[in-house]
Structure formats: structure tokens, C-alpha cells
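Peer 1: My questions will all concern the structure given below.
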């Protein structure tokens, strides 16, 4: 049987070792660690996630601005985008061992076990907001820098942009325009799966799936670029 998820002072004691912040408002902390999929939850972390995303962005932007004083915007922007994306937040959620502290749908947690998933990324952003509300911007900055600063130097290459690369490649050869069509949407509201087809005149369609329409469109564009030999694989250009 799974261990009961900690609450109250026990939860606060576990979180202080991970964030460096001792919560005064424990109810706020519990809300930050309650996903929208949690059954019978009186409140969830969606609003806090919204705020935390902005606080994270400010702290990371300030960190990069100070750490790379001679870098042009074109160099620090890719670092910023990679540091604040859901994948990085999810990885940090795993590093913080939040999986057993977040209240969420059991099936969702089981499917995401070991790989993070968006529910952990949401929890990390919500936790940043909760620290900010409870302890102020300095407490939030200390928390963010603890996990994001060590990663800032490792992000050195501009992430691939499949939709942009596809548009540029097509423009060199024709006047065709890519068209993305949602073929189906499956799954519950808190974890949808989109299937999108990409259609370009003169080429066979390609298919992509993802947890959002944008992710599915990017997957379809990536598949097209790999198939046509523009990319060697989904992680590098030819």
C-alpha cells in the first residue's frame, strides 16, 4: 500500500529542506501541491502556477542578465527559454522528490512515475508562487537560484524550432504554406492528447501527437523534417 501523502506540519517540514523556506501559511503550501486532477480537492494550484511562472521568468531573466553581461539577446534568450520550460521544471520536481508530496489523480501519477510529467512542472511553478507570497521575492529568488543557477551554464545551444525551420525550408522551394489540422483530441481535461496532421502541398502528410495542440503541431513538423531529410533526427539538423 502506498504511503499516505504528508500534510500539515509534516509536509512543511519536508518542504523546508527542499526549498530553504519555512512556510508560515501551511494551507497555502498544501494548495500549491494540489493538482487540478486531485479528486474532491477544495482548491488546486492552477492560479499559483500562473503566478509562479511569472516569478520564475523574472528571477531567471535577472540571473542570466547578471551572469552573462556581455552576451547578446540572441544568446541569452535560448538559455532562458530552455530553463523555464516545462521539461526543466519537471526535472527539478523529480530532483526535489515532489512526486510523493503532490496531491493528484493516482492514475496520472502512476503514468508519470519516474519521468516527471506536467503535473510536477505545475507543482514546481506553484511552489515558487507560494514561496513568493509567503516569504517575498528574496525567498523566491533563493529557491529558484538553488535549482536553476547550476543549470544555467549547461544550456548553450539554441533549441530547435520545428515549425519555424519547416516554414523556412518550404519558403526556399515554393509558395506552399503548412496547414495543421487537429484530427482528434482524447483523454481527460487535465491530461489531453492531441493528434495533429501536417499538410503541405506536394508532400505526404505527417502526424504528430502531444499534450497540447502546440506540442502536437511541433511533433508533426519534426516528423516531416526528419522524413524529408532536413533534420537527421528529432534532435539535430542535417
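Numbering (this note's numbering), first residue to last: -12 to 225. C-beta atoms are modelled at their ideal positions from N, C-alpha and C, and glycine is treated no differently. In this text the structure is predicted, and so the values were computed from the model without any measurement.
1. Using only the alpha-carbon positions, how far apart do residue -8 and residue 162 sit?
2. Are the CB atoms of residue 116 and residue 77 nearer to each other than 9 Å?
3. Taking C-beta to C-beta, are residue 42 and residue 124 nearer than 9 Å?
4. Look at the alpha carbon of residue -5 and the alpha carbon of residue 88, and state the distance between them as a whole number of angstroms.
5. What is the DSSP secondary structure of residue 53, reduced to helix, strand or coil?
6. If I measure Cβ to Cβ from residue 204 and keep anything under 6 Å in the same chain, skipping five residues before and after, which residues do I get?
7. Give the list of continuous beta strand (DSSP E) stretches no shorter than 3 residues that lie fully inside the region 10 to 94.
8. Exposed or buried, residue 189, counting other C-beta atoms within 10 Å across all chains shown (16 or more means buried)?
9. Does the Cβ of residue 0 have 16 or more other Cβ atoms within 10 Å, making it buried, or fewer, making it exposed?
10. Classify residue 37: buried if its beta carbon has 16 or more other beta carbons within 10 angstroms, exposed otherwise.
11. Mind checking if residue 105 is an interface residue toward chain B, Cβ cutoff 9 Å exclusive?
12. Name the two residues that bound the continuous beta strand (DSSP E) containing residue 199.
13. How many angstroms separate the CA atom of residue -11 from the CA atom of residue 93?
14. According to DSSP, is residue 112 helix, strand or coil?
15. Under the three-state reduction of DSSP, which class applies to residue 190: helix, strand or coil?
16. Tell me, to the nearest whole angstrom, how far the beta carbon of residue 90 is from that of residue 29; I am working on the premise that it is less than 8 Å.
17. State the start and end residues of the unbroken beta strand (DSSP E) segment that holds residue 286.
18. Between which two residues does the alpha helix (DSSP H) harbouring residue 131 extend?
19. Under 9 Å between the Cβ atoms of residue 121 and residue 16?
20. Can you say whether residue -3 is buried or exposed, counting buried as having 16 or more other CB atoms within 10 angstroms of its CB?
21. List the endpoints of the continuous alpha helix (DSSP H) containing residue 151.
Peer 2: Quick look at the numbers:
1. 56 Å
2. No, Cβ-Cβ distance for residue 116 and residue 77 is not below 9 Å.
3. yes
4. 11 Å
5. helix
6. Once the five neighbours on either side are set aside, the close Cβ partners of residue 204 are 167, 183.
7. none
8. exposed
9. exposed
10. exposed
11. Of the protein chains in this structure there is only one, and it is not chain B.
12. Unbroken run through residue 199: none, as it is neither H nor E.
13. Because residue -11 carries a pLDDT of 45, less than 50, the predicted location of this residue cannot be relied on, and the following value inherits that uncertainty. One C-alpha to the other measures close to 10 Å.
14. helix
15. coil
16. With a Cβ gap of about 11 Å, residue 90 and residue 29 do not count as contacting.
17. Look at the range of the chain in this structure, -12 to 225, and you will see that residue 286 is not part of it.
18. 124 to 139
19. Taking 9 Å as the Cβ cut-off, residue 121 and residue 16 qualify as a contacting pair.
20. exposed
21. 149 to 160
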